[in-house]
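Heads up: the sequence shown runs through residues -32 to -1, 1 to 98, numbered per mature numbering (1 follows the signal peptide of the UniProt record, and there is no 0).
Step one of this worksheet: look at the structure below.
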Amino acid sequence: MIFVAKSWSNGFASAVLAVGLLALCGCDQGGAAPAVSSSTEEGTVNGTVTINGKKASGGTIHFDPSNIKRKSVSAVSAEISKEGTYSIKTLIGENQIRVDSPETKKGMFSVDSFEVKSGENTHDVSLMKL
């Protein structure tokens, strides 16, 4: 009889623990997902592009603000100057960045992303060969 009571209490404790863990994890997932912007407000980003530690000597930089809430938004592009600088206007929120230049044509390079805020932003892009 004592064995049955212990077994029942262990099972009950396990059930309570499982329910508690589920409550902590939550079913809503609203707080667990990263913030995704649906805004159409723009910000300007200025910066310098370096590739393997050297300033890029031309090319194009692309900012892609598309996400699950902005599926039909296209990437925007700007020229990279001979000094390696750029200025681009894009939608606020997380943007994926890609660089096309003579240096990046020679191999695979790391990609970058940046959280664009309203107004003026500064973001230097540093790419390293993988």
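Ideal Cβ placement from N, Cα and C applies to all residues, glycine included.
Test item: CB-CB of glutamate 83 and glycine 52 under 8 Å: In the sequence shown, counting from the first residue as 1, residue 83 sits at position 115. In the sequence shown, counting from the first residue as 1, residue 52 sits at position 84. Result no, Cβ atoms of glutamate 83 and glycine 52 do not sit closer than 8 Å.
The segment 85 to 95 / the segment 3 to 22 touching (three or more Cβ pairs under 8 Å): Flag = yes, the segment 85 to 95 and the segment 3 to 22 touch.
Simplified DSSP state of lysine 74, which is helix, strand or coil: The residue given as residue 74 occupies position 106 in the sequence shown. In this structure, DSSP gives lysine 74 a helical state, which the three-state scheme calls helix.
Under 8 Å between C-beta atoms of serine 69 and methionine 96: One-based indexing of the sequence shown puts residue 69 at position 101. One-based indexing of the sequence shown puts residue 96 at position 128. Cβ atoms of serine 69 and methionine 96: not closer than 8 Å.
Coil, strand or helix - histidine 91 by DSSP: Counting from 1 along the sequence shown, the entry for residue 91 is found at position 123. It is coil, neither helix nor strand.
Euclidean distance between Cα positions of lysine 50 and glycine 27: Here residue 50 refers to the residue found at position 82 when the sequence shown is read from its first residue. Here residue 27 refers to the residue found at position 59 when the sequence shown is read from its first residue. Taking the CA atoms as reference points, lysine 50 sits about 9 Å from glycine 27.
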